[in-house]
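J.: Here the protein sequences line up with chains R and V, keeping their order.
Here the first sequence is numbered in the numbering used here, starting from 1 and rising by one per residue.
Here the second sequence is numbered in the numbering used here, starting from 345 and rising by one per residue.
Just so it is clear, CB atoms sit at the ideal spot from N, CA and C, and this is done for glycine as well.
Attaching a single structure in structure tokens format; questions to follow.
There are 2 protein chains.
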Amino acid sequence: MNSAHRTEISALGEFGLIDHLTQNIELQNASSVLGVGDDAAVIDHFGKQTVVTTDLLIEGVHFDLVYTPLKHLGYKSVVVNLSDIYAMNATPTQITISLGISNRFSVEALDEFYEGVYAACNKYGVDLVGGDTSSSQKGFIISVTAIGEVAPDKFVKRSTAQKGDLLCVSGTLGAAYVGLLFLEREKKIYMESPGVQPDLEGESYVIGRLLKPEARKDIVEFLAQQEVMPTAMMDISDGLSSELLHICKQSNLGCVLYEEKLPVAEQMRMAAYKFEIDPTACALSGGEDYELVFTVSQSDYDKLVLNEEISVVGYMTEPEAGVHIITKGGGKHAITAQGWNHMK
Amino acid sequence: MNSAHRTEISALGEFGLIDHLTQNIELQNASSVLGVGDDAAVIDHFGKQTVVTTDLLIEGVHFDLVYTPLKHLGYKSVVVNLSDIYAMNATPTQITISLGISNRFSVEALDEFYEGVYAACNKYGVDLVGGDTSSSQKGFIISVTAIGEVAPDKFVKRSTAQKGDLLCVSGTLGAAYVGLLFLEREKKIYMESPGVQPDLEGESYVIGRLLKPEARKDIVEFLAQQEVMPTAMMDISDGLSSELLHICKQSNLGCVLYEEKLPVAEQMRMAAYKFEIDPTACALSGGEDYELVFTVSQSDYDKLVLNEEISVVGYMTEPEAGVHIITKGGGKHAITAQGWNHMK
Chain R
1 MNSAHRTEIS ALGEFGLIDH LTQNIELQNA SSVLGVGDDA AVIDHFGKQT
51 VVTTDLLIEG VHFDLVYTPL KHLGYKSVVV NLSDIYAMNA TPTQITISLG
101 ISNRFSVEAL DEFYEGVYAA CNKYGVDLVG GDTSSSQKGF IISVTAIGEV
151 APDKFVKRST AQKGDLLCVS GTLGAAYVGL LFLEREKKIY MESPGVQPDL
201 EGESYVIGRL LKPEARKDIV EFLAQQEVMP TAMMDISDGL SSELLHICKQ
251 SNLGCVLYEE KLPVAEQMRM AAYKFEIDPT ACALSGGEDY ELVFTVSQSD
301 YDKLVLNEEI SVVGYMTEPE AGVHIITKGG GKHAITAQGW NHMK
Chain V
345 MNSAHRTEIS ALGEFGLIDH LTQNIELQNA SSVLGVGDDA AVIDHFGKQT
395 VVTTDLLIEG VHFDLVYTPL KHLGYKSVVV NLSDIYAMNA TPTQITISLG
445 ISNRFSVEAL DEFYEGVYAA CNKYGVDLVG GDTSSSQKGF IISVTAIGEV
495 APDKFVKRST AQKGDLLCVS GTLGAAYVGL LFLEREKKIY MESPGVQPDL
545 EGESYVIGRL LKPEARKDIV EFLAQQEVMP TAMMDISDGL SSELLHICKQ
595 SNLGCVLYEE KLPVAEQMRM AAYKFEIDPT ACALSGGEDY ELVFTVSQSD
645 YDKLVLNEEI SVVGYMTEPE AGVHIITKGG GKHAITAQGW NHMK
């Protein structure tokens with residue numbers, strides 16, 4: 001934390017703290033009828049359907065404050081929820097945030113966190129309309145609920161992919177996971193020898209992918225402009241393998257994926273080699289990229305190729321064919337979930 | 345926990361656990377377009393406004409598992425959020441729940457918690473439509489978001505009370521706080537002498553008020569039937585004093601409260617005497633009763649007296665008059681917030 005001054009949270013009290021953190025909110029959306037400061041917020045989506053998702057982020061499980069700047073954490077806490085709204089083919093409009101804070105946090109530390117929260121709100125055009133703060137005995141706890149809107153029945157589920165559909169992903173995969181490996185390695189070195197400076201030279205791409213992910217608003221907007229309605233869509237938070245198994249199971253289909261088609265950034269590939277791990281394994285199983293995986297009708301192929309940020313990586317098959325990857329060498333392997341499973 | 349059998353959560357995995365906990369959900373509301381099992385839930389309030397509130401409950405801060413049965417905790421976690429929706433004069437329709445669970449919890453323990461969640465959902469007619477489960481390093485963490493609906497502009501804020509309005513509360517006040525005192529006392533005795541059986545004889549009323557609160561759906565429905573539109577409303581979670589100060593500050597008014605009008609249950613009064621504390625102090629400052637405090641126009645008085653569950657306890661004044669209580673002896677005292685402030 002950069003702040004030279006430290007203000008104890010107890011100096012403001014619970015209600016003073018909420019006032020302090022929310023005093024500069026200007027509601028951006030007409031749908032935000034009533035924001036922070038009452039028992040509940042009020043939203044009017046004017047005939048559209050309301051989309052809602054929630055995520056709980058716990059220090060030591062989902063993030064490590066040793067290498068996560070609070071501003072980035074605030075930004076990411078919002079983005080990962082907005083990503084779920086976009087994954088429904090919807091537009092996020094509001095968020096609520098509840099925090100559990102231990103007394104090692106100062107008001108200035110929370111200000112940094114909220115700087116990131118508001119930066120994400122501004123970038124994505126969403127309003128912070130409510131929340132809750134309380135103390136926690138241990139660790140920082142963040143609960144975000146994101147709300148969005150979608151024209152009636154324009155939302156896209158996981159369960160409606162069709163046989164023969166093209167399987168697509170946005171952006172590049174696996175870099176956030178490799179970024180985590182670097183930060184965990186440097187943390188370990190630092191814990192053993194606190195004098196050693198971290199060696200993250202040249203790894204800003206993979207580390208940025210972990211610490212400052214973006215939600216793929218642009219992809220959802222592009223698909224709408226092109227009048228491409230995905231047949232199924234999810235965001236990639238646990239890893240592509242895990243998400244594909246969800247889509248296949250819920251749509252009662254199989255799929256084939258081509259290793260050579262998987263979008264991986266050169267920086268990720270080089271970084272993976274430093275850890276002597278397979279870039280393809282990172283792309284399949286690494287989580288937290290917050291890209292979108294979606295299926296579209298083959299007839300939409302010509303529209304998709306207009307966007308360099310979209311890769312067609314395979315296609316959907318009958319369920320009996322299972323879920324497979326065809327390697328560059330021509331081998332065929334079953335895909336199993338090895339995503340980031342926080343319960344293990 | 346009564347269950348003889350213990351199933352480790354790791355035996356099911358994260359997705360297996362979610363399936364297990366949500367497999368019997370039958371959506372009750374037409375507004376629940378899409379429930380558990382996708383990136384987000386989809387809700388259609390068909391022209392009504394959407395109301396949203398969220399609460400974070402942390403073991404050791406908001407509840408103590410030594411004396412809180414998990415089923416009651418699940419029930420209460422839902423009810424405290426529904427109470428916020430009713431306090432907006434709205435009808436709750438959906439909830440999402442996110443849990444952070446340490447490995448001391450078994451699947452059977454979570455089943456007990458969800459029994460309470462579903463019991464509350466059934467009683468209040470709301471659908472569980474989403475959530476998230478993850479591990480926690482320490483303690484049980486519960487984040488609930490409740491969503492409701494209200495006809496456009498029929499919601500009731502805290503800031504719109506009028507000078508001269510009657511100040512009303514539902515039910516009785518202070519009992520949950522005294523229930524907490526009993527449970528804390530028995531916990532202390534138990535910790536010092538584990539062989540001693542708890543002595544809670546005759547205190548089921550106050551303990552029930554703490555462990556199994558209800559949201560005042562009936563009051564909101566009664567007011568609607570009588571066509572009484574409150575001018576301001578809040579639920580009483582931190583204590584009447586604290587809530588009154590919010591309403592007065594946000595409405596830019598003062599108020600006068602009469603001690604003799606405060607609704608206190610005889611069981612609470614007797615229990616408070618055992619702790620040698622003033623029942624009026626409990627009614628003013630005790631939290632977690634989840635009653636409603638609201639203001640109405642004087643012209644609605646005749647309608648209010650039809651309901652024994654509503655007490656008129658005072659009236660709203662100009663702001664210069666401050667916030668005061670007139671005691672039974674005729675004394676006049678300023679009211680200050682001494683509610684349950686979790687940040688202290």
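Would you say V:GLN541 lies against chain R (beta-carbon separation less than 8 Å)?
T.: No - not a single Cβ of chain R is within 8 Å of the one on V:GLN541.
J.: Near R:THR145, what residues of its chain come up, given a Cβ to Cβ distance below 6 Å and the 5 sequence neighbours on each side ignored?
T.: Excluding positions up to five away in sequence, the list reads THR54 and THR96.
J.: Taking CB distances under 8 Å as the criterion, tell me whether V:MET660 reaches chain R.
T.: For V:MET660, the answer is no, since every Cβ of chain R falls outside 8 Å of its Cβ.
J.: Against chain R, with Cβ distances strictly below 8 Å, would V:LEU378 count as a contact?
T.: V:LEU378 counts as touching chain R.
J.: Suppose you measure from the CA of V:ILE670 to the CA of V:ASP622; what does that come to, to the nearest Å?
T.: Each residue's Cα considered, the two are about 15 Å apart.
J.: Shortest alpha-carbon distance to V:GLY474 belongs to which of V:VAL380, V:LYS532 and V:SER586?
T.: Among V:VAL380, V:LYS532 and V:SER586, the Cα nearest to that of V:GLY474 is on V:VAL380.
J.: Within the 8 Å Cβ cut-off, does R:MET234 reach chain V?
T.: Yes, its Cβ sits closer than 8 Å to a Cβ of chain V.
J.: Could you check the C-alpha separation between R:GLU309 and R:GLY171 for me, to the nearest Å?
T.: Rounded to the nearest angstrom, the two C-alpha atoms are 5 Å apart.
J.: Could you list the residues in the region 109 to 132 of chain R with a C-beta less than 9 Å from some C-beta on chain V, going in chain order?
T.: Taking 9 Å as the Cβ-Cβ cut-off against chain V, the residues of the region 109 to 132 of chain R that qualify are VAL129, GLY130, GLY131 and ASP132.
J.: Taking the straight line between their C-alpha atoms, what separation do you get for R:LEU110 and R:LEU21?
T.: Cα to Cα, R:LEU110 sits roughly 8 Å from R:LEU21.
J.: Does any residue of chain V have a CB that is nearer than 8 Å to the CB of R:GLY100?
T.: By this cut-off, R:GLY100 is an interface position.
J.: Compute the Euclidean distance between the alpha carbons of R:ASP331 and R:VAL323, then round it to the nearest angstrom.
T.: In the sequence under discussion, the amino acid at residue 331 of chain R is Gly, which differs from the Asp named in the question. Using only the alpha carbons, I get a separation of about 14 Å.
J.: Confirm, please, whether the CB-CB distance from V:ALA374 to R:VAL51 is below 8 Å.
T.: Not in contact: R:VAL51 and V:ALA374 (Cβ atoms no closer than 8 Å).
J.: Give me the DSSP bridge partner(s) of V:THR394.
T.: The partner list for V:THR394 (beta bridge, DSSP) reads R:ILE43 and V:GLU493.
J.: Closer than 8 Å between beta carbons: that is the criterion. Which residues of the region 42 to 58 of chain R meet it against chain V?
T.: Cβ contacts with chain V come from VAL42, ILE43, ASP44, HIS45, GLY47, GLN49, THR50, VAL51, VAL52, THR53, THR54, ASP55, LEU56 and ILE58.
J.: For V:GLY683, which of helix, strand or coil comes out of DSSP?
T.: Its pLDDT being 41, under 50, V:GLY683 is placed unreliably in this model, and the coordinates cannot settle the point.
J.: DSSP state of R:HIS324, grouped into three classes?
T.: R:HIS324: strand per DSSP, three-state reduction.
J.: State whether the region 62 to 76 of chain R contacts the region 397 to 411 of chain V, with contact taken as three or more CB pairs (one from each stretch) at a distance under 8 Å.
T.: Cβ pair count under 8 Å is below three, so no.
J.: Output yes if chain R places a C-beta closer than 8 Å to the C-beta of V:PHE499; else output no.
T.: Cβ-Cβ to chain R under 8 Å: yes for V:PHE499.
J.: At the 8 Å Cβ level, is R:LYS332 part of the contact set with chain V, yes or no?
T.: For R:LYS332, the answer is no, since every Cβ of chain V falls outside 8 Å of its Cβ.
J.: Please check if any C-beta of chain R sits within less than 8 Å of the C-beta of V:ASP383.
T.: Yes - at least one Cβ of chain R is within 8 Å of the one on V:ASP383.
J.: Can you check the region 421 to 479 of chain V for any alpha helix (DSSP H) of at least 4 residues that lies completely inside it and give the ranges in chain order?
T.: Correct list: 451 to 468.
J.: Would you give the residue range spanned by the alpha helix (DSSP H) that R:GLY254 belongs to?
T.: Per DSSP, R:GLY254 belongs to no alpha helix (DSSP H); it is in the beta strand (DSSP E), 254 to 258.
J.: Once the 5 residues before and after V:PHE526 are set aside, which same chain residues still bring their CB inside 8 Å of it?
T.: Counting only Cβ-Cβ distances below 8 Å, and skipping sequence neighbours, we find LEU544, GLU547, VAL550, ILE551 and ALA615.
J.: List, in chain order, every chain V residue whose beta-carbon is nearer than 9 Å to that of R:ARG216.
T.: None at all; the shortest Cβ gap to chain V is about 12 Å.
J.: Here's a check: name, in chain order, each residue in its chain whose Cβ is nearer than 7 Å to the Cβ of V:THR351, leaving out the five neighbours to either side.
T.: Only SER450, VAL451 and GLU452 meet the Cβ criterion.
J.: Hey, is V:MET345's beta-carbon within less than 8 Å of any beta-carbon in chain R?
T.: Note that V:MET345 scores 44 on pLDDT, short of 50, meaning its location in the model is unreliable; the coordinates nonetheless yield the value given after this. It does not: the Cβ of V:MET345 has no partner Cβ on chain R nearer than 8 Å.
J.: In chain order, what residues of the same chain lie with their CB nearer than 6 Å to the CB of V:GLU620, ignoring the 5 residues before and after it?
T.: The answer is none, since no qualifying residue turns up.
J.: Whose C-alpha, out of R:HIS246, R:HIS5 and R:ASP38, is nearest the C-alpha of R:ILE18?
T.: Of the candidates R:HIS246, R:HIS5 and R:ASP38, the one whose C-alpha sits nearest the C-alpha of R:ILE18 is R:ASP38.
J.: Indicate the three-state DSSP secondary structure (helix, strand or coil) for R:GLN241 in the structure shown.
T.: According to the sequence as given, residue 241 of chain R is Ser; it is not Gln. If DSSP states are grouped into helix, strand and coil, R:SER241 belongs with the helices.
J.: Just checking: is the beta-carbon of V:MET432 within a distance shorter than 8 Å of some beta-carbon in chain R?
T.: Output row for V:MET432: interface = yes.
J.: Can you tell me where the beta strand (DSSP E) with R:GLU291 in it begins and where it stops?
T.: Here the beta strand (DSSP E) through R:GLU291 covers 291 to 296.
J.: Which same chain residues, not among the five before or five after V:VAL640, have their C-beta less than 7 Å away from its C-beta?
T.: Result list for V:VAL640: ASP509, LEU510, CYS512, VAL572, PRO574, THR575 and LEU648, in chain order.
J.: Could you give the uninterrupted runs of the beta strand (DSSP E) lying entirely in the region 514 to 601 of chain V, keeping only those of 3 residues or more?
T.: Counting whole runs of 3 or more residues, the region 514 to 601 of chain V contains the beta strand (DSSP E) stretches 576 to 579.
J.: Considering only the alpha carbon of each residue, which of R:GLY100, R:GLY47 and R:ASP44 lies closest to R:GLU59?
T.: Taking only the C-alpha atoms, the option nearest R:GLU59 is R:GLY100.
J.: Anything in chain V within Cβ reach of R:ARG158, meaning under 7 Å, just list it in chain order.
T.: Neighbours of R:ARG158 on chain V, chain order: ASP382.
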